[in-house]
Amino acid sequence: MISTTTPSIEGKRIVDYRGIVTGEAILGANLFKDFFAGIRDLVGGRSATYERELQRARDIALDEMEDRAIELGANAVVGVDLDYEVL
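In my numbering, the protein residues as written are 110 to 196.
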């Protein structure tokens with residue numbers, strides 16, 4: 110399935126809008142990961158642990174969104190917007 114942040118897909122014509130679809134993912138990190146990621150942040154390194162968790166959350170949310178689009182009979186999703194929040 111094509112998913113894009115743009116409002117249209119080049120070379121394709123939108124013939125029907127099926128509605129809004131969403132996907133959510135909330136992931137928690139454990140105490141030890143948080144501690145060592147904090148140390149890495151202090152010394153200026155990138156936290157590969159958190160980068161992997163963010164990628165995993167994004168993949169889960171996009172897969173969920175596409176599943177919901179398929180349930181509505183859609184063959185693509187346009188105007189995708191990703192937001193990240195820290196809880």
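Heads up, the beta-carbon is just placed ideally off N, CA and C, and yes, glycines get one too.
*Report all residues from its chain with a CB closer than 6 Å to the CB of residue 136; omit the five preceding and five following residues, and keep chain order.*
Residue numbering aside, residue 136 sits at position 27 when the sequence shown is read from its first letter. Result list for residue 136: 162 and 166, in chain order.
_Rounded distance between the beta-carbons of residue 132 and residue 171, thought under 8 Å_ = Taking the first residue of the sequence shown as 1, we reach residue 171 at position 62. Taking the first residue of the sequence shown as 1, we reach residue 132 at position 23. Between residue 132 and residue 171 the Cβ distance is about 6 Å, and since that is below 8 Å, they are a contact.
*Return helix, strand or coil for residue 134, following the three-state DSSP convention.*
For the purposes of this step, residue 134 is taken as the residue at position 25 of the sequence shown. Note: residue 134 maps to coil in three-state DSSP.
*Indicate whether residue 118 and residue 187 have their beta-carbon atoms separated by less than 8 Å.*
Here residue 118 corresponds to residue number 9 of the sequence shown, with the count starting at 1. Here residue 187 corresponds to residue number 78 of the sequence shown, with the count starting at 1. Yes.
*Using alpha carbons as the reference points, say which of 183, 184, 177 and 169 lies closest to residue 191.*
Locating residue 191 in the sequence shown gives position 82, counting from the first residue. The option with the nearest alpha carbon to residue 191 is 169.
*For residue 101, which residues from the same chain have a beta carbon less than 7 Å from its beta carbon, with the 5 sequence-adjacent residues on both sides left out?*
Any question about residue 101 goes unanswered here, given that the chain covers just 110 to 196.
*Using a beta-carbon distance below 8 Å, is residue 195 in contact with chain D?*
Looking at the structure shown, chain D is missing, and only one protein chain is on hand.
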